[in-house]
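Enquirer: This is the structure I have questions about; it appears just below.
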Ligand SMILES: Cc1ncc(COP(=O)(O)O)c(C=O)c1O
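Numbering (the numbering used here), first residue to last: 15 to 436.
Here is the structure:
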């Protein structure tokens, strides 16, 4: 589902008061919606013998939100040292954390193994001898290449840098076993923002087939399959939501059929980010300027530092104007930030209610890959993050960046390497 009408109603009712207290721009997340989506995921996969979601930390790496997700009983998918630290900060340990890095460094492996370790998911066969200590339980990320089609954001599997190829897969498990691994899992991550439930069902089917193939070749049993993230949300009002219930039903049926044939069922893991938090975040920004040249531009006080997706992927984010319903005296505009890049646009040639400086815009569905993707080009700073608690309190959960944050890396002990004498 996109931003729910319920969240929109609760937010709109309080928006003037929140803006007066905190100032714009900010992302605001909805505790109620996030917790409800966590429950919906659990329910959809209740038919599996064991289901676990590992929330993709990169989507919204804020400890207050991660703590909520942890409360719901979910683990975390991490791809960097900082994400591992954040997951541990909110209490996750050992098999609550799946570490899926790529082009991994020795330091990352060391951190992954520290403090109770984690589920290690290797991205390549060359990493097998590099893991400082092969854990008991090991997983590989599978890239099926031309066996599967991809989608717009990630592209075709055979063109993606991720994973172990079909031809390498059996050898990877054999080599890991030779280094001491005794327990095994299989992972893949092929799509992003996929709204077709069937694609994910086929991914589960593919992994179960691979589990069968590798098990026969090596005589090993798989403890889990991880079908990755990539569950889509309808960013555009006219898009149909993913059929989560149907998807859960079909995947659990595949697992049951596998059990009938093989006498056991691997645990089912998912590492969704966007589906869990995406619809439950909004970027609230104030219109500060208007400009009419060959097009009409509406300038707001947020820019790409707060939300990269439109500029980076041409992604659509629905925009509502507070107090001005859609459909009334609309004008076609580009909604722009202040970066010296022409793709710093939240909307391009979008019909919106007549907007004037001082209006508040709600840029919707920013709860995943929003604030976390922001960057500091042009010295532009990232905005604050707020959390709308179920009881109605609004909490500051990250302050806005300041120029001092931007300049912090310029404060250091001077070091100079002089050219060798002679
Ligand atoms: C390895 C991995 N897992 C999970 C995710 C989460 O994807 P999504 O937020 O689309 O579910 C990503 C996203 O980049 C990823 O790279």
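The beta carbon of each residue, even a glycine, is placed where N, CA and C say it ideally should be.
Look at the alpha carbon of residue 251 and the alpha carbon of residue 190, and state the distance between them as a whole number of angstroms.
Expert: About 47 Å.
Enquirer: Examine ligand 1 and report whether any of its heavy atoms sits within less than 7 Å of the Cβ of residue 114.
Expert: yes
Enquirer: Taking C-alpha atoms, which residue in 139, 150, 117 lies nearest to residue 127?
Expert: 150
Enquirer: Regarding residue 286 and ligand 1, is the C-beta to nearest heavy atom distance less than 7 Å?
Expert: Residue 286: yes, Cβ under 7 Å from ligand 1.
Enquirer: Between the C-alpha atoms of residue 387 and residue 220, what's the straight-line distance to the nearest angstrom?
Expert: 31 Å
Enquirer: Which two residues bound the contiguous beta strand (DSSP E) that contains residue 201?
Expert: 197-201
Enquirer: With distances taken between CB atoms, is the gap from residue 49 to residue 82 smaller than 8 Å?
Expert: yes
Enquirer: Classify residue 330 as helix, strand or coil using the three-state DSSP reduction.
Expert: coil
Enquirer: Determine the direct distance from the alpha carbon of residue 381 to that of residue 313, and round the result to whole angstroms.
Expert: Those two C-alpha atoms are separated by around 22 Å.
Enquirer: Can you confirm whether the segment 410-426 touches the segment 53-70 when touching is taken to mean that 3 or more C-beta pairs between the two stretches lie within less than 8 Å?
Expert: Look at the beta carbons and you see the segment 53-70 not touching the segment 410-426: under three pairs across the two are nearer than 8 Å.
Enquirer: Return helix, strand or coil for residue 147, following the three-state DSSP convention.
Expert: coil
Enquirer: Report back the beta-carbon spacing between residue 359 and residue 397 to the nearest angstrom; my notes put them in contact at under 8 Å.
Expert: About 17 Å separates the two Cβ atoms, so there is no contact after all.
Enquirer: What distance in whole Å lies between the Cβ atoms of residue 239 and residue 200, which are believed to be in contact at a cut-off of 8 Å?
Expert: 5 Å
Enquirer: Using the DSSP secondary-structure output, state which residues sit across from residue 367 in a beta bridge.
Expert: 344
Enquirer: In the DSSP assignment, what are the bridge partners of residue 359?
Expert: 350
Enquirer: For the 8 Å Cβ check, are there 3 or more pairs between the segment 132-142 and the segment 151-158?
Expert: yes
Enquirer: Run through the DSSP bridge pairs and tell me what residue 296 is partnered with.
Expert: 42, 378
Enquirer: Given 8 Å as the limit, is there contact between the segment 40-48 and the segment 69-85, that is, 3 or more CB pairs closer than that?
Expert: Three or more pairs of CB atoms, one per stretch, sit closer than 8 Å, so the segment 40-48 contacts the segment 69-85.
Enquirer: Are residue 36 and residue 395 close, meaning C-beta to C-beta below 8 Å?
Expert: In this structure, residue 395 does not lie closer than 8 Å to residue 36 by Cβ.
Enquirer: By the three-class DSSP mapping on this structure, what secondary structure does residue 117 have?
Expert: Shown here, residue 117 sits in coil according to DSSP, grouped into three states, outside any helix or strand.
Enquirer: Buried or exposed for residue 279, going by 16 or more other Cβ atoms inside 10 Å?
Expert: buried
Enquirer: Rounded to whole angstroms, what is the Cα-Cα separation between residue 209 and residue 431?
Expert: Cα to Cα, the separation comes out at about 54 Å.
Enquirer: Distance check for residue 133 and residue 276, CA to CA, integer angstroms please.
Expert: 24 Å
Enquirer: Since residue 113 and residue 146 should fall inside the 8 Å C-beta cutoff, what is the C-beta to C-beta distance between them, to a whole number of angstroms?
Expert: With 8 Å as the limit, residue 113 and residue 146 do not qualify as a contact, their Cβ atoms being about 13 Å apart.
Enquirer: In whole angstroms, give me the CA-to-CA distance for residue 456 and residue 321.
Expert: What the structure shows of the chain is the stretch from 15 to 436, and residue 456 is not part of that stretch, so it cannot be assessed.
Enquirer: For the alpha helix (DSSP H) containing residue 35, list its first residue and its last residue.
Expert: 19-36
Enquirer: Output the distance between the C-alpha atoms of residue 326 and residue 231, rounded to the nearest integer angstrom.
Expert: A straight-line Cα-Cα distance of about 43 Å links residue 326 and residue 231.
Enquirer: Starting from residue 66, follow the beta strand (DSSP E) in both directions and report where the run begins and ends.
Expert: 65-70
Enquirer: Rounding to the nearest angstrom, what Cα-Cα distance links residue 346 and residue 66 in this structure?
Expert: 45 Å
Enquirer: Consider the C-beta atom of residue 93 and the heavy atoms of ligand 1; say whether any pair is separated by less than 7 Å.
Expert: Yes, the Cβ of residue 93 comes within 7 Å of a heavy atom of ligand 1.
Enquirer: Work out the CA separation of residue 343 and residue 92 for me, nearest whole Å.
Expert: 46 Å
Enquirer: Leaving out five residues on either side along the sequence, give the residues of the same chain with a beta carbon under 7 Å from the beta carbon of residue 108.
Expert: 130, 131, 132
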